[in-house]
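When we follow the working numbering, the leftmost residue of the sequence shown carries the number 3, and every step to the right adds one. Yeah, the Cβ is synthetic: ideal placement off N, Cα and C, and Gly gets one too.
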Amino acid sequence: MPRTSSLLLACLALACAGGRDDAELARVIAIARAELDAGDARAALETLGRAVLLAPDSAEAWRLRAHAFACLDEPEPGLAALDRALALDPNDVWTHYARGVALKRLGRPLEAIASFDRALALDRTHAKAWVHRAHARLEAGDGAGARADLLAARRFVPEGSEDREWLERTLAGLGGDSPTR
């Protein structure tokens, strides 16, 4: 029997029996991570489908599923997976951040800002959340808020990085270093 079919049957058997095999879940998630690392998001998505059958309460499996959808440029199902992950683990900084990115990608900047706000409430040093919230604020027409975010992000975004270069260019276009401009 092919690996995919036997693994799926094992997951279904455990789910139907009401049991959970954490070792099997860890193995399935490790396979999915390897598939994502190899650039095979479709295979990872299939594997993660088995993971959520095996353990529907695994926030990690839902987060990784959302990541696979993001790799496939499918933000809608990714957002649904992120919402499920947050229902299971509402204090995960990266999930709030990823949700903001998905919402921004879907053209919903105000909702994205709210997700970045939650990420930053949990971790004020999350550089990418600062930068992406600035992006979302620009999309929402809030140049002053974007400038304030970029000034705050400067403390956390490494010099020489692409995010830092974008930050400095955008900040210059918004009136420079002064938060009162």
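Residues near Ala-2 by beta carbon distance below 6 Å, same chain, minus five either side: No information on residue 2 is available, as it lies outside the stretch 3 to 183 that the chain covers here.
Nearest candidate by alpha-carbon position, reference Asp-151, set Gly-162, Arg-101, Glu-26, Arg-126: When each option's Cα is compared against that of Asp-151, the closest is Arg-126.
Short Cβ contact (8 Å threshold) for Ala-148 with Arg-139: Contact check for Ala-148 against Arg-139 passes: the beta carbons are separated by less than 8 Å.
Whole-number beta carbon distance between Ile-115 and Arg-101, since they are thought to touch under 8 Å: That belief does not hold up - the Cβ atoms of Arg-101 and Ile-115 are roughly 11 Å apart, past 8 Å.
Minimum C-alpha distance to Ala-53 - residue among Gly-109, Gly-41, Ala-34, Gly-143: The residue among Gly-109, Gly-41, Ala-34, Gly-143 with its C-alpha nearest the C-alpha of Ala-53 is Ala-34.
Continuous alpha helix (DSSP H) assignments of at least 4 residues falling wholly in the stretch 51-137: Counting only runs of 4 or more, we get 61-73, 77-90, 95-107, 111-124.
For Gly-177, the three-state DSSP class (helix, strand or coil): If DSSP states are grouped into helix, strand and coil, Gly-177 belongs with coil.
Of the listed residues Glu-164, Leu-81, Pro-58, Arg-166, nearest to Gly-109 (C-alpha basis): Ranking the options by Cα distance to Gly-109, first place goes to Leu-81.
Contact belief for Val-133 with Ala-104 at Cβ below 8 Å, rounded distance in angstroms: Incorrect: roughly 16 Å between the Cβ atoms, too far for contact.
Ala-142 in three-state terms, based on DSSP: Three-state DSSP puts Ala-142 in coil, outside helix and strand.
Test item: CB-CB of Leu-38 and His-69 under 8 Å: It is a contact, given that the beta carbons lie within the stated cut-off.
Cα-Cα separation, Val-30 to Pro-58: Each residue's alpha carbon lies about 13 Å from the other.
Endpoints, alpha helix (DSSP H) assigned at Glu-37: 24-39 is the span of the alpha helix (DSSP H), which, as asked, contains Glu-37.
Distance between Pro-111 and Phe-118 (C-alpha atoms, nearest Å): Rounded to whole angstroms, Phe-118 to Pro-111 spans 10 Å at the Cα level.
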